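Chemist: Right, I'll just put the structure down here and ask away after.
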Amino acid sequence: MSQMQNVEKQLRGMILGLEIGPGERLTERWIESRFGASRTPVRAALLRLETEGLVCRDGRGWTVSPINLTELEQIAVYRDAVEVAAVKLTCALEDRSAVDVIEAMLDSCDAGTPREECHRVGMDFHIELARLSGNEFLFRAVRDAMTRLSRARWLEVRDEAALSRAWA
88 MSQMQNVEKQ LRGMILGLEI GPGERLTERW IESRFGASRT PVRAALLRLE
138 TEGLVCRDGR GWTVSPINLT ELEQIAVYRD AVEVAAVKLT CALEDRSAVD
188 VIEAMLDSCD AGTPREECHR VGMDFHIELA RLSGNEFLFR AVRDAMTRLS
238 RARWLEVRDE AALSRAWA
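Residue numbers (our numbering): 88 to 255.
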């Protein structure tokens, strides 16, 4: 994994897990120090996260994007439409063995499974269902929509302090 990919993956995880909350400022120097990365890979990682809507430029620095309820509603409608198309393609597949993977995902969550884990499985389920369609555009659309929706989903499983920080 390249330095840029490592920074991108770790920052994405911190943002989606609300370790770095909406509205928090990010400096390239902090990221460089935190991940032991040089400036070019850090900038490239930030640009990729910007295209996902997770960070935005703020003058000379960066800020974790706020959670926008209107945007979330629009993304949910978009995801539903795209996912229906992906499901239709997946259902038309002759080889049904891949569907077993999805069933196993769903079976992995029961009443005793932590809520946070069920959210992860749910996200993976939607992405895998789209991947099985064989249509790369539908797969990327669902994956990107789920990424944008995931911060809001994690708010349900965090404590009150995290909720108030994220929605402030």
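Glycine included, each C-beta is placed from N, C-alpha and C at the ideal position. On a predicted model such as this, the values are computed, not experimentally measured, just so you know.
Take A179 as the anchor and find which of A217, R147, P201 and D194 has the nearest alpha-carbon.
Modeler: For A179, the nearest C-alpha among the options comes from A217.
Chemist: Can you tell me which of R135, P109 and E215 puts its alpha carbon nearest to the alpha carbon of N155?
Modeler: Nearest of R135, P109 and E215 to N155, Cα basis: P109.
Chemist: By the 10 Å Cβ neighbour count, where 16 or more other Cβ atoms means buried, how is A232 classified, buried or exposed?
Modeler: The residue is buried, with at least 16 neighbouring Cβ atoms inside 10 Å.
Chemist: CB G148 to CB T177, shorter than 8 Å?
Modeler: No. Outside cutoff.
Chemist: Alpha carbon to alpha carbon, how far is E190 from D197? Give it in angstroms, no decimals.
Modeler: Roughly 13 Å separates the two Cα atoms.
Chemist: Would you report the Cα separation of R130 and R183, rounded to the nearest angstrom?
Modeler: Distance between the alpha carbons of R130 and R183 is about 42 Å.
Chemist: Counting only runs that start and end within the segment 195-242, where is the alpha helix (DSSP H) found for 4 or more residues in a row?
Modeler: List check, alpha helix (DSSP H) in window: 202-219 and 223-242.
Chemist: According to DSSP, is L105 helix, strand or coil?
Modeler: Coil at L105, not helix or strand.
Chemist: For E106, which residues of its own chain have a beta-carbon under 6 Å away from its beta-carbon, when the five flanking residues on both sides are left out?
Modeler: Answer for E106: no residue qualifies.
Chemist: Do V94 and A124 come within 8 Å of each other at the CB atom, strictly closer than that value?
Modeler: Yes, the Cβ-Cβ distance between A124 and V94 is below 8 Å.
Chemist: Return the CA-CA distance between S220 and L134, expressed in angstroms with no decimal places.
Modeler: Using only the alpha carbons, I get a separation of about 29 Å.
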